[in-house]
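Down below is the structure, laid out as structure tokens.
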Amino acid sequence: MTSRSEDSDVDQGLEQGADTGGDERPEARLARAVRAAEQALIEFEIAVETFRVEVENFSRLHHQRLGPMYARLDELEAQIAEARAARTGDPEDLRRAHEARAAVMPMPGVEELFHDWLDTDGLSPEAAAMLTERPVQPPKRVRPGEEARRLYRELARKAHPDLAREEDERKRREEFITRVNAAYARGDEGLLRELSAEWEAGPAPAEERPDESEELYARLEWLAERKDMLSALARELEESAIGAMLRMAPDDPDRLLEEIAEQLLAQVSERENELSGLVQ
């Protein structure tokens, strides 16, 4: 989850651009402020992206692992309602049985049909694999392992598009970081190592040319706009249903899935016992 301190770090970096103390040339002070703001923004983006990955992985794994349990519970609820209605013949019990049965296999809407095919980067890894006949590689965990997290942060700090000054270099970095994000989402340490080696072997970054004050101010304004956009995204993630669930287990979100599964299994057992008593 992103923290308020990370958000304020970006603000501090941006505010350095207004510092006019000392004998340092204004252009040098601005250049230093830009570098500080860039680094603070990148750290903030890394925090937002890692949380976004956890939200999407939790959502996907929640559906994959717990979906059958929810379906079983729906079926048991319908059978219990139908057994009770058959016993009583009461119109209200019959209505409830009809509603419970209708809830077992509702007619899917368009969003439900394509829920597993799309994520914030477009086609999900599973959908892309199906269309290209590549093996499906769903995430194994909500939170990638520590080594994957370390490799991801290291790559993001080196290859982040916000460090580019030229449009061609920005596009190259955006394409590369998209591959890094996808590998991180799956917790693929091997691929992250390959990408790290690829980046090191790639073209050396172009030397920065000295910027005029006007360009530096424009850069600071762009960084401020980017920070505001990321802050809005972070709030949206944290306030989402899955984000709220993850806040319940910030240290071990994978364990939270296991706990929910245990609760669902207990509910399934209770409903099976209830149904057994009704049909005897």
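Going letter by letter, the sequence shown gives residues 0 to 279 in numbering that gives the first Met the number 0.
Glycine residues also receive a C-beta, built at the ideal position from the N, C-alpha and C atoms.
- In the structure shown, A80 falls within a helical segment according to DSSP collapsed to helix, strand and coil.
- Here V52 is near A184, since their CB atoms are less than 9 Å apart.
- Just so you know, the alpha carbons of Y151 and F50 end up roughly 13 Å apart.
- Sequence-distant partners of R218 (beyond 5 residues in either direction) whose C-beta falls short of 6 Å from its own C-beta, in its chain, are V33.
- In the structure shown, D161 falls within a helical segment according to DSSP collapsed to helix, strand and coil.
- Contact annotation, R225 with L72: C-beta distance approximately 44 Å; criterion of less than 8 Å not satisfied.
- Within its own chain, the residues whose Cβ lies closer than 8 Å to the Cβ of R172, once the five positions on either side in sequence are excluded, are A158, H159, P160, L162 and A163, listed in chain order.
- Exclusion of the five residues before and after R95 leaves A80 as the residues of its chain whose Cβ lies within less than 6 Å of its Cβ.
- A260 and A196 have their C-alpha atoms spaced approximately 39 Å apart.
- Annotated as proximal: L75 and V267, with beta-carbon spacing under 9 Å.
- Distances from the CA of L277 to each of G189, L255, A182 and A77 were compared; the closest alpha carbon is that of A77.
- Apart from sequence neighbours up to five positions away, the residues of its chain that approach L274 with a beta-carbon distance below 7 Å are L75, Q78, I79 and A82, ordered along the chain.
- Cβ atoms of L215 and E26 come within 8 Å of each other, at about 7 Å.
- Straight-line spacing of the CA atoms in A181 and A101 works out to 38 Å.
- With fewer than 16 other beta carbons inside 10 angstroms of its own, E199 counts as exposed.
- Taking G186 as reference, the option from E146, L29, W221 and D251 with the minimal CA-CA separation is E146.
- M68 has its alpha-carbon roughly 31 Å from the corresponding atom of A233.
- In this structure, P252 lies away from R149, with their beta-carbon atoms at least 9 Å apart.
- E258 sits away from R246, with the two beta carbons spaced by 9 Å or more.
- DSSP, read as helix, strand or coil, puts V141 in coil.
- Excluding five sequence positions before and after P202, none of the CB atoms of its chain fall closer than 8 Å to its own CB.
- One Cα belongs to L229, the other to Q262, and the distance between them is close to 35 Å.
- For Q262, the enclosing alpha helix (DSSP H) starts and ends at P252 to V278.
- Cβ contact annotation for F175 (same chain, cutoff 6 Å, sequence separation greater than five): A158, in chain order.
- The residue among M244, E193, T87 and E48 with its C-alpha nearest the C-alpha of F57 is M244.
- Rounded to whole angstroms, the Cβ separation of L256 and L60 is 6 Å, and the two are in contact under 8 Å.
- Rounded to whole angstroms, the separation of the alpha carbons of E153 and E235 is 26 Å.
- One alpha carbon belongs to L93, the other to V103, and they sit about 16 Å apart.
- Of E188, L194 and E165, the smallest CA-CA separation from R178 is found for L194.
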